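>
2 protein chains.
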Amino acid sequence: MLKFSKKADYGLMALQHIASVQFGEVTHARVVNTKEIAEEYNIPTELLAKVLQTLAKHGMIESHNGPKGGYLLARHAGAISIAQVLEAIEGPLGITDCYHDKEDGSFCLQQEHCTIRTPLLKVQDSIYQLLNSMTIEDMMGGTPLITVQSHPVAEGVER
Amino acid sequence: MLKFSKKADYGLMALQHIASVQFGEVTHARVVNTKEIAEEYNIPTELLAKVLQTLAKHGMIESHNGPKGGYLLARHAGAISIAQVLEAIEGPLGITDCYHDKEDGSFCLQQEHCTIRTPLLKVQDSIYQLLNSMTIEDMMGGTPLITVQSHPVAEGVER
DNA sequence: TTAATCGGAGACTGGGCTAGTCTCCGATAT
DNA sequence: ATATCGGAGACTAGCCCAGTCTCCGATTAA
Numbered sequence: 009m010l011k012f013s014k015k016a017d018y019g020l021m022a023l024q025h026i027a028s029v030q031f032g033e034v035t036h037a038r039v040v041n042t043k044e045i046a047e048e049y050n051i052p053t054e055l056l057a058k059v060l061q062t063l064a065k066h067g068m069i070e071s072h073n074g075p076k077g078g079y080l081l082a083r084h085a086g087a088i089s090i091a092q093v094l095e096a097i098e099g100p101l102g103i104t105d106c107y108h109d110k111e112d113g114s115f116c117l118q119q120e121h122c123t124i125r126t127p128l129l130k131v132q133d134s135i136y137q138l139l140n141s142m143t144i145e146d147m148m149g150g151t152p153l154i155t156v157q158s159h160p161v162a163e164g165v166e167r
Numbered sequence: 009m010l011k012f013s014k015k016a017d018y019g020l021m022a023l024q025h026i027a028s029v030q031f032g033e034v035t036h037a038r039v040v041n042t043k044e045i046a047e048e049y050n051i052p053t054e055l056l057a058k059v060l061q062t063l064a065k066h067g068m069i070e071s072h073n074g075p076k077g078g079y080l081l082a083r084h085a086g087a088i089s090i091a092q093v094l095e096a097i098e099g100p101l102g103i104t105d106c107y108h109d110k111e112d113g114s115f116c117l118q119q120e121h122c123t124i125r126t127p128l129l130k131v132q133d134s135i136y137q138l139l140n141s142m143t144i145e146d147m148m149g150g151t152p153l154i155t156v157q158s159h160p161v162a163e164g165v166e167r
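Heads up: the sequence lines are chains W and P, in that order.
Numbering follows our numbering, in which position 81 of the first sequence is assigned residue number 89; successive positions increment by one, without gaps.
Numbering follows our numbering, in which position 54 of the second sequence is assigned residue number 62; successive positions increment by one, without gaps.
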C-alpha cells in the first residue's frame, strides 16, 4: 500500500498548477480559482474546494474572495515540501501508530515486547526526510505534460 | 498517513521472532507456532494465523503441520526485506494508483494532464529501495527489548 | 445597492477496506 | 486414535475515503 489519498494527489496537482501559473509564465501572477483547476485535471470541483481550503488554512496558499477571486501561493514553491502538503491534508504521517498519543486512552498492546518499533522508526525518518526534501518547485521542472501510454507499463518494482 | 497495516506490523514482529529463535539463541533451531507468537506480543491468534499463512504462501517461512508443528524461516533473515513482507501481506505497494492496471476498465481521470506522475514515481522508487534494502536481519541487531516511555517523545518535525 | 461570483464550512451518504471472529477441514506426531 | 497443529473460507462491525449537497459570508462590478 503506502498510497497517497486522492485528496493528497489533488492537492499536489493544484499546488503545482498554481505555482506554474504564478511563475514560469509570460502572463503576470494571476489568481487561480477552484473551477479552473478542477476542469483542467478532471477533479470533482467541490472536493478540490475542500482540499484548497485546507491548504489555505495551513498557510500554503492565500485565498481571495469575491468575483475574480481564487488562490495564490503564500510562499515560494521551493518552500513547500511534499511532506508539508501531506501533513496538511492527511494529518501527521507515520509508519506506525505507536508514536502518536491516543486521546481515548487506548495504546499499543504490543508495546511491552515490541521489537520492531526502533527499526521502523528509522525507516519512517528516512521516508520523512525524503518527502520533506522534495518541493513543489522540484515537481515543476521535469515534465509539463505526460504522454499517456495506453498499454500497461511493465509495472513498478524492478523497472 | 503512509501507515502500515496491523497485519504488516504483526508479520514483521512474527518474522523477527522466528528469526531470533532460529538464530542467535543457545537452543537449536526450533519450530515456532502461532500461539506462542500471539501470546508473546498480544496479537489476536487467529488474525496472526492468517498473516503467517500468507507469509508461508509467499515462501518466506515454511510450515509444519501436526502437533509440535509451526513455522521456520524458509530463507536467511538477511534475504527477507521489509518490502517483500509488505508486498506479501498488503499487495503491490505504490504511492499512486495509476501505475497498476485496473481490471474493471477504470483508469486515472487525471492522466491526460497529470503533472505529478513523474516526480511522484521518483519518490516511490526511493521509498521502495529503502524498504527493500532493510531486512529482517537488520531489524534484529539493535534492540531486543524496548523500554516504553510513558511521556510522548519529542517527535520528528516541529510539532 | 444589487446581483453574480468567488471561497468557507458543515452535514450527509455510499462503498470499500481493515481488523477481527467463527467454523470446519486436512495433516501429522504421539 | 486423538489431540494438536496449520489451511481456508465465510462473515461481521466499524472506520474512513471520496464525493455530494446546501447554505453562508465576502467581494467585485454594474
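Glycine included, each C-beta is placed from N, C-alpha and C at the ideal position.
These numbers come from a predicted model, not from an experiment.
Counting along the chain, where does the alpha helix (DSSP H) carrying Ser71 (chain W) start and finish?
Premise fails: Ser71 (chain W) lies in the beta strand (DSSP E), Ile69 to His72, not in any alpha helix (DSSP H).
> Assuming the contact rule is C-beta atoms closer than 8 Å, Val40 (chain P) and Ile26 (chain P) should be a hit. Round their C-beta distance to whole Å, please.
The pair is a contact, with the Cβ atoms about 5 Å apart (cut-off 8 Å).
> Beta carbon of Tyr18 (chain P), beta carbon of Cys122 (chain W): below 9 Å?
Contact flag unset, no.
> Going along chain W in order, which residues have a C-beta closer than 8 Å to the C-beta of Thr104 (chain P)?
Residues of chain W passing the Cβ test: Lys11, Phe12 and Asp17.
> On the CB-based measure, 16 or more other CB atoms within 10 Å of its CB, does Pro127 (chain P) come out buried or exposed?
Buried: at least 16 other Cβ atoms inside 10 Å.
> If the cut is a Cβ gap below 7 Å, which residues of chain W does His84 (chain P) touch?
Correct list: empty, because the minimum Cβ distance to chain W is about 17 Å.
> Answer with buried or exposed for Phe31 (chain W), where buried requires no fewer than 16 other C-beta atoms within 10 angstroms of its C-beta.
Looking at its Cβ environment, which holds fewer than 16 other Cβ atoms inside 10 Å, Phe31 (chain W) is exposed.
> Measure the alpha-carbon distance for Gly102 (chain P) versus Leu56 (chain P) and round it to whole angstroms.
Cα to Cα, Gly102 (chain P) sits roughly 24 Å from Leu56 (chain P).
> Enumerate in chain order the residues of its own chain whose CB-to-CB distance from Ala8 (chain W) is below 6 Å, with the five nearest sequence positions on each side excluded.
With chain W covering 9 to 167 only, the question about residue 8 (chain W) has no answer from this structure.
> Below 8 Å on C-beta distance, what does Ile26 (chain P) contact in chain W?
None at all; the shortest Cβ gap to chain W is about 12 Å.
> Taking DSSP as the reference, what is the three-state secondary structure of Gly78 (chain P)?
Of the three classes helix, strand and coil, the one that applies to Gly78 (chain P) here is strand, per DSSP.
> In this structure, does DSSP put Gly113 (chain P) in helix, strand or coil?
Bear in mind that a pLDDT of 49 at Gly113 (chain P), under 50, signals an unreliable position, so the model cannot answer this.
> Near Glu111 (chain W), what residues of its chain come up, given a Cβ to Cβ distance below 8 Å and the 5 sequence neighbours on each side ignored?
Below a pLDDT of 50, predicted positions are generally treated as unreliable, and Glu111 (chain W), at 49, falls in that range; the measurement from the model is reported next regardless. Once the five neighbours on either side are set aside, Glu111 (chain W) has no close Cβ partner at all.
> Is there a C-beta anywhere in chain P that falls below 9 Å from the one on Thr62 (chain W)?
Chain P contact via Cβ: absent.
> Just curious, the alpha helix (DSSP H) that Ser141 (chain P) is in, first and last residue?
Residues Arg125 to Ser141.
> Measuring alpha carbon to alpha carbon, tell me which of W:Ile124, W:Leu129, W:Lys11 and W:Met147 ends up nearest Met147 (chain P).
Checking every option, the nearest Cα to that of Met147 (chain P) belongs to W:Ile124.
> Against Leu20 (chain P), what residues of chain W qualify as contacts under a CB-to-CB distance less than 8 Å, listed in chain order?
Within chain W, the residues near Leu20 (chain P) are Ile124 and Leu128.
> What whole-angstrom Cβ distance do Ala96 (chain W) and His66 (chain W) have, given they're in contact under 8 Å?
Between His66 (chain W) and Ala96 (chain W) the Cβ distance is about 4 Å, and since that is below 8 Å, they are a contact.
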